[in-house]
Structures are given as C-alpha cells and as structure tokens.
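Colleague: The structure under discussion is supplied below as structure tokens; questions concerning it will follow.
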Amino acid sequence: MSEFVSLDGVIEDPGGSEKSKHGGWTMPYWSDEIGKFKFDELFGSDTLLLGRVTYQGFADAWPSRTDEQGFAQRMNGLPKYVVSTTLDEVEWNNSRLIKGDVAKEVSKLKQQPGRDILIAGSGELVHELMKHDLIDEYRLLVYPVVLGSGKRLFAEGTKANLKLLEARTFASGVVLLRYQH
Amino acid sequence: MRNVIWLVHTSLDGFVTGPNGEMDWIRLDDELFEDVHALVSTADTALFGRVTYQLMEGYWPTAANRPTATKHDIEHSQWLNPALKIVFSRILKKAQWQNTKIVAENIRDEMAKLKEQPGKNLILFASPNLASTFMNLDLIDEYRFNVNPIVLGRGKALFTDLRSLNKLKLLESKTYKTGVVKLHYSRTGE
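Protein sequences appear in the order of chains A and B. Residue numbers for the first sequence follow the numbering used here, so the first one is 1 and each next one is one higher. Residue numbers for the second sequence follow the numbering used here, so the first one is 1001 and each next one is one higher.
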C-alpha cells in the first residue's frame, strides 16, 4: 500500500482531480526525488489493486498520457484489479473487476507467483484489507500540511502493530515512512 | 523571540492515547529522552491542557523520590517541577503543583503577553485539544511529533476541529531504534 498522506492522516484527492475542498495538496511539494520513488515503486510491482474511486480517476487520466521514462506506459500496461460493488465493466486496458469476497480474492492474488501488488489511494479498499491483515507493507509519503478535513487513511477500529523499515526525507519536506506489517 | 513548541507522542493513525487513556504503546528509549532533555533545556515554561496537566501533576512532583525513579524521571523532574507551568482550563480552579498558573480565558492575549516577556521557549506537552485551539489561533511555532509504529484504531485524536489548512515546514526527521520517527516542523509563515 502506498499513499500520499497529510500530517493529520488525510488521503483525499492528493492530486486535485476529484475537485474536493483541499484537492491538489501534494502538488506544491512534487520533486524529482519523489518522482523517482514512485517510478521505482511502480516498476517493482507487476499488479495494481485499486478501489473504484481511485480507479476512475486513474482511468480518466492515464490512457492519454505519455512520458519519456515510460511511467504512463507501465500504468496503462500493468494488470489492474478493481474492487467495486457498483461497476459492471472496466474499460481501462488490462483491467478486471473483483466483485465478490474481496478478502478471499486478494488472498488468492497474493498466492500467485510474481512481484509486488501495489495499492495506491483506494481508501475504502485499504480499510477492508487492513481489517483482514492483508497488507504487508505500508508506504506513507507524509506531506508537511495539516488539512483539517477529508477522507482518512486509517479506519476507526482497525489496529495494526507495525515495524519501521525506513524513514526517508525528501528535500521538499515530504517524509517517506515505510513499515512492514 | 520565544517559541511555542508542541511536543507530542502519536500513533501512526493520529491518536495520543488509546480509547481508555492508554499510553503503554508509546515507545521511549534513552536516545529519545536525551532529545527531550535537549529540547526542554531550551525552555523555561510548560503549557498544558487540563487533562494532561492532571496526569502530570499526579506523577512528576514525587517522581524523582520513588525507589524506581529512572535517570529520566530525575532529570525531567529537575526541569519541570521548578519551571513555570500554565494550565489552560475553565474548569480547574486550584493547582497544587508548585509554580503553576491557571488561565481560564483570553488564551490569545495571555500567550501574547507571555511571548513578549523575556525568557526561554515554551513547551506545550501533549494536550491535543489545547494544541488544536492554539493552531486555530496560530500560536504554535514548532511541532515535534514522535510517531510510533502502531495503528490504534481508536483514542484521543491528535487534531480536533481545525478551522483551516496549516502548511508547515519540515526541519528534521530522525529515526529511533524503537521504530519511532521524530518529525520536527516549524510554521512556514505563509
């Protein structure tokens, strides 16, 4: 799981595409270092696992994008699993729906050989997976901003004991906190 | 210029205590205590909300005299007991602890007066409700979060009822052997 998170634990609309109250709060802190981190993360994964809201934001944005490094190409090319009870079809390239028992389906995915399964954004899905102890690694890019409102990363009532793997500071004031569950 | 510094231990999901006041999950080690000592040595005043004050008042006046007193108990007592302590509370009428003053209202004016007086920094310990009030009044100059590697799920929230977005400036982050990460911010001036 890899998230952009404010100091008060909000993950809503970091890039501004959802047009929410504080949308786009990560933008002033973007840097090549953060770009490199996201690049390495994406290329270290061979599957994306997304909730419906994040999927729709990605599916609107990525198909028309290109870049020299091939980030967009990989986003578009990777297999994507989309967890939704309301969608009937997913049109973004190489996407398929998970509609039934999420915990069971994700457990099955984890059994398959391969590289990391990357979850980005997807707050509700993260809540569900945390409840079932299905997230192995937490990567939080903590931004130096307290938003005061918005959808939160952690759900009420879900606990987890974590082990710190790494804390890394980026020059723009963002701190990567990486934990193993 | 005297700075107001908020020092607080928090879980990764932003709680300062568990739902029943639990604090046993807070990981402390000698290195963290040394950093706290270094911080308090820049200060001469402690600020508290009522709940944190009452917890502290029940411990620190006699902490150094207990048979089980640690080096930290002794050193922190030597700083905290004689230091000026200010409790912000409308409920509390009397404080037993030496050199304690109660402020019931006009937080902004009281803090402005304090900051104009000569002296060292002022440290706000935990006191999450008061800290959010301070943030809404733009009274905090520095933030020292000790982030513990745990998700509690429930408890007393670090931030409550903030009226606006606060942009901070990262000064430092540091990792302790316990897995705690210190995040040190100042106001940006924006």
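Heads up, the beta-carbon is just placed ideally off N, CA and C, and yes, glycines get one too.
Please decide whether A:Leu141 counts as near chain B, where near means a Cβ-Cβ distance under 8 angstroms.
Modeller: By one-based count along the first sequence, residue 141 of chain A stands at place 141. Answer no: the Cβ-Cβ gap between A:Leu141 and chain B never drops below 8 angstroms.
Colleague: Whole-angstrom Cβ separation of A:Glu105 and A:Ile98, contact assumed at under 8 angstroms?
Modeller: For this step, residue 105 of chain A is matched to residue 105 along the first sequence. For this step, residue 98 of chain A is matched to residue 98 along the first sequence. About 5 angstroms; that satisfies the 8 angstroms criterion.
Colleague: Since B:Ile1123 and B:Ile1026 are thought to touch, with beta carbons under 8 angstroms apart, how far apart are those beta carbons, to the nearest angstrom?
Modeller: By 1-based counting over the second sequence, the position of residue 1123 of chain B is 123. By 1-based counting over the second sequence, the position of residue 1026 of chain B is 26. In this structure B:Ile1123 is not in contact with B:Ile1026, their Cβ atoms being roughly 17 angstroms apart against a cut-off of 8 angstroms.
Colleague: As a quick exercise: from A:Phe37, A:Gln112, A:Gly123, pick the residue whose alpha carbon is nearest that of A:Glu12.
Modeller: As a first step, residue 12 of chain A is located in the first sequence; it is residue number 12 there, counting from the start. Minimum Cα distance to A:Glu12 is reached at A:Gly123.
Colleague: Decide yes or no for the touch test of the region 57 to 76 of chain A against the region 142 to 152 of chain A: beta carbon pairs closer than 8 angstroms, at least 3 of them.
Modeller: no
Colleague: Counting only Cβ pairs nearer than 7 angstroms, list the residues of chain B close to A:Leu147.
Modeller: In the first sequence, the residue the question calls residue 147 of chain A occupies position 147. Those are Leu1165, listed as they occur along chain B.
Colleague: With H, G and I counted as helix, E and B as strand and the rest as coil, what does DSSP make of B:Val1103?
Modeller: To locate residue 1103 of chain B, count along the second sequence from 1; it is residue 103. Reduced to three states, the DSSP call for B:Val1103 is strand.
Colleague: Does the beta-carbon distance from B:Ser1173 to B:Leu1158 come in below 8 angstroms?
Modeller: Start at 1 with the first residue of the second sequence, and residue 1173 of chain B comes out as number 173. Start at 1 with the first residue of the second sequence, and residue 1158 of chain B comes out as number 158. No. Outside cutoff.
Colleague: From the DSSP output, read off the bridge partner residues of B:Trp1006.
Modeller: What you label residue 1006 of chain B is simply residue 6 of the second sequence in a count that begins at 1. Beta-bridge pairing links B:Trp1006 to B:Leu1124, B:Tyr1143.
Colleague: Along chain A, in chain order, which residues have C-beta atoms closer than 8 angstroms to that of B:Ser1173?
Modeller: Stepping through the second sequence from its first residue, residue 1173 of chain B is reached at position 173. Result: Ala167, Thr169, Val175.
Colleague: Tell me the start and end of each unbroken beta strand (DSSP E) in the region 7 to 79 of chain A that is at least 3 residues and wholly inside, in chain order.
Modeller: Runs found: 45 to 51.
Colleague: Going by DSSP, what residues sit across from A:Glu166 in a beta bridge?
Modeller: For the purposes of this step, residue 166 of chain A is taken as residue 166 along the first sequence, with counting starting at 1. DSSP, once it has assigned bridges, lists A:Arg178 as partnering A:Glu166.
Colleague: Taking CB distances under 8 angstroms as the criterion, tell me whether A:Phe37 reaches chain B.
Modeller: Within the first sequence, residue 37 of chain A is the residue found at index 37, counting from 1. Judged by the 8 angstroms Cβ criterion, A:Phe37 is not in contact with chain B.
Colleague: Is it buried or exposed, B:Asp1013, if we count other Cβ atoms within 10 angstroms and call 16 or more buried?
Modeller: Within the second sequence, numbered from 1, the residue matching residue 1013 of chain B stands at position 13. The residue is buried, with at least 16 neighbouring Cβ atoms inside 10 Å.
Colleague: Against chain A, does B:Leu1084 count as a neighbour if the rule is that its beta carbon must be under 8 angstroms from one of theirs?
Modeller: Position 84 of the second sequence holds residue 1084 of chain B. For B:Leu1084, the answer is no, since every Cβ of chain A falls outside 8 angstroms of its Cβ.
Colleague: Just grab the DSSP bridge partners of B:Arg1090 for me.
Modeller: Mapped onto the second sequence, residue 1090 of chain B falls at position 90. Partner(s): none; B:Arg1090 has no beta bridge.
Colleague: Work out the CA separation of A:Asn94 and A:Thr26 for me, nearest whole Å.
Modeller: Indexing the first sequence from 1 puts residue 26 of chain A at position 26. Indexing the first sequence from 1 puts residue 94 of chain A at position 94. Cα to Cα, the separation comes out at about 28 angstroms.
Colleague: Are the region 106 to 115 of chain A and the region 33 to 42 of chain A touching by the rule of at least three beta carbon pairs closer than 8 angstroms?
Modeller: no
Colleague: Any Cβ of chain A within less than 8 angstroms of the Cβ of B:Ile1150?
Modeller: Start at 1 with the first residue of the second sequence, and residue 1150 of chain B comes out as number 150. Yes, B:Ile1150 lies at the interface with chain A (some Cβ there is under 8 angstroms from its Cβ).
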